[in-house]
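**Q**
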Amino acid sequence: MPVLPELEAFLELAEFGRLTGKSRPMHEQTPQQARIDFEASSGFLDVPLDNIACENFTIAARDGHSLPARLYRDGQAATGLQPVILYFHGGGYVVGSLDSHDALCRRFAAQGGFALLTVDYRLAPEWRFPTPVQDACDAGNWLVREGAAHGLDANRVAVAGDSVGATLATVLSLIAVRQPEELALKPKAQLLVYPVTDATTHRASHRDFAEGYLLETPTLDWFYSHYARTPQDLADWRCSPLLANDLSGMAPALVYLAGYDPLHDEGLAYAERLRAAGNEVTLLEQPGMTHDFLRMAGLLGEVEGIHREVAGWVRSKL
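Residue numbers for the sequence shown follow our numbering, beginning at 744 and rising by one.
(1) Assess, as a yes-or-no matter, whether the stretch 819 to 828 is touched by the stretch 863 to 881 under the definition of 3 or more beta carbon pairs within less than 8 Å.
(2) If you measure between the beta carbons of Leu990 and Ala978, is that distance less than 8 Å?
(3) Using three-state DSSP, classify Asn794 as helix, strand or coil.
(4) Is the stretch 938 to 952 touching the stretch 897 to 916, taking contact as three or more C-beta pairs under 8 Å?
(5) If we count the other Cβ atoms within 10 Å of its Cβ and call it buried at 16 or more, is Ala752 buried or exposed?
(6) Alpha carbon to alpha carbon, how far is Leu754 from Gly955?
(7) How far does the beta strand (DSSP E) with Ala996 in it extend, from its first residue to its last?
(8) If you pair each beta-carbon of the stretch 1045 to 1054 with each one of the stretch 1007 to 1017, do three or more pairs fall below 8 Å?
(9) May I ask you to list the residues that DSSP assigns as paired with Glu1028?
(10) Output needed for Arg981: all residues of its chain with C-beta closer than 7 Å, excluding positions within five of it in sequence on either side, in chain order.
(11) Identify the continuous beta strand (DSSP E) that holds Leu859 and give its terminal residues.
(12) Leaving out five residues before and five after Gly1021 in sequence, what residues of the same chain have Cβ atoms less than 7 Å from its Cβ?
(13) How many Å lie between Met744 and Asp951 at the Cα?
(14) Nearest by alpha-carbon distance to Phe781: which of Gly835, Ile802 and Thr861 is it?
(15) Note the first and the last residue of the continuous alpha helix (DSSP H) segment covering Tyr1013.
(16) For Thr801, which of helix, strand or coil comes out of DSSP?
(17) Which residues in the same chain as Asn794 place their Cβ atom closer than 7 Å to its Cβ, once the five residues preceding and following it in sequence are excluded?
(18) Hey, out of Ser840, Val790 and Ala804, whose CA is closest to Gln775's CA?
(19) Rounded to the nearest angstrom, how far is the Cβ of Asp1035 from that of Leu917, given a contact under 8 Å?
(20) To the nearest angstrom, how far is the alpha carbon of Val920 from that of Ala994?
(21) Determine the closest residue to Leu859 out of Arg871, Ser906, Ala891 and Cys797, with distance taken between C-alpha atoms.
(22) Could you tell me the alpha carbon to alpha carbon distance between Arg761 and Leu750, rounded to whole angstroms?
(23) I'd like the span of the alpha helix (DSSP H) that includes Asp896, first residue to last.
(24) Exposed or buried, what is Thr773 when buried is set at 16 or more other beta-carbons lying within 10 Å of its beta-carbon?
(25) With DSSP collapsed to three states, give me the class of Ser766.
(26) So what's Ala987 in DSSP terms, helix, strand or just coil?
(27) Rounded to whole angstroms, what's the CA-CA distance from Ala947 to Pro961? Just pull it up for me.
(28) May I have the straight-line CA-CA distance separating Asn898 from His1007, to the nearest angstrom?
(29) Note down the Cα distance separating Val837 from Leu810, rounded to an integer number of angstroms.
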């Protein structure tokens, strides 16, 4: 299937910006400049809904650092504690924030049936591996300790994310099984949208979609160079969960892939390994879309339906 026409036009516009010198690939920028450009470009993809209740606060990390957090609700009166999605944004561990994914989180919350909590884990290269993983664990433990005070049911939690946010989500699911002393949270489901699952190698999709499809293979390598302390970090299962020795006993997973994405093949391999390990896996794909389609509701009419589909799956598990 070819790239959707509306998305093809967006890709052509991005390429024109490069040819005219108005923009540069992320991997040719400093992390600081890449963050500015990523935040600015987010406004082109969608417009935040304004009818969503939103609460900002901080969560204390294990080292005392304050992690910004944002809680979304659909504004409807809730009876009792609400189930919750614990969501981690994408951005290669280098870019991305609560604001870059605000429109997406609002759209998920608008589907109803759950609250959504998202946390601004610390970014590389200022904070390298495993700090983002530890921040994600600390957010999960906060939910167990303090969630009820915010009307949240820590016994009905789906961990979720896009790109490396999905990596953090599935790593939390694995830590909950393998290292319960590290994470008290027991996720009921994991929503993994175009996850990074193996940062150690290039597969066919890394070559087939290396350039020209928003996320580029050189940018992935740039992300990993800023995130890892040493090359050995990339082989750690907390960075590359596909390399974990044992994936059994994990929460049901929805793995959602994009057809034109360097990460496609490793996401597919991870879904297959989860299933082979005896886990419940739902595998979905948008063959005519690129990486980051989940944030493109303002650009692609089909994305609103994807949000409804994903939210329905989450509700069925909580």
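We put the CB at the ideal spot given by N, CA and C, even for glycine.
**A** In terms of the structure at hand:
(1) no
(2) no
(3) coil
(4) yes
(5) exposed
(6) 7 Å
(7) Ala996 to Tyr1003
(8) No, the stretch 1045 to 1054 is not in contact with the stretch 1007 to 1017.
(9) Leu1000
(10) Pro873, Val876 and Val914.
(11) Unbroken beta strand (DSSP E) run through Leu859: Ala858 to Val862.
(12) So the qualifying residues of the chain are Ser991.
(13) 14 Å
(14) Gly835
(15) His1007 to Ala1019
(16) strand
(17) Gly818
(18) Minimum Cα distance to Gln775 is reached at Ser840.
(19) With 8 Å as the limit, Asp1035 and Leu917 do not qualify as a contact, their Cβ atoms being about 25 Å apart.
(20) 9 Å
(21) Cys797
(22) Straight through space, the alpha carbons of Leu750 and Arg761 are spaced by roughly 17 Å.
(23) Taken as a continuous stretch (DSSP letters only), Asp896 belongs to no alpha helix (DSSP H), being part of the beta strand (DSSP E) at Leu895 to Asp905.
(24) exposed
(25) coil
(26) coil
(27) 14 Å
(28) 32 Å
(29) 16 Å
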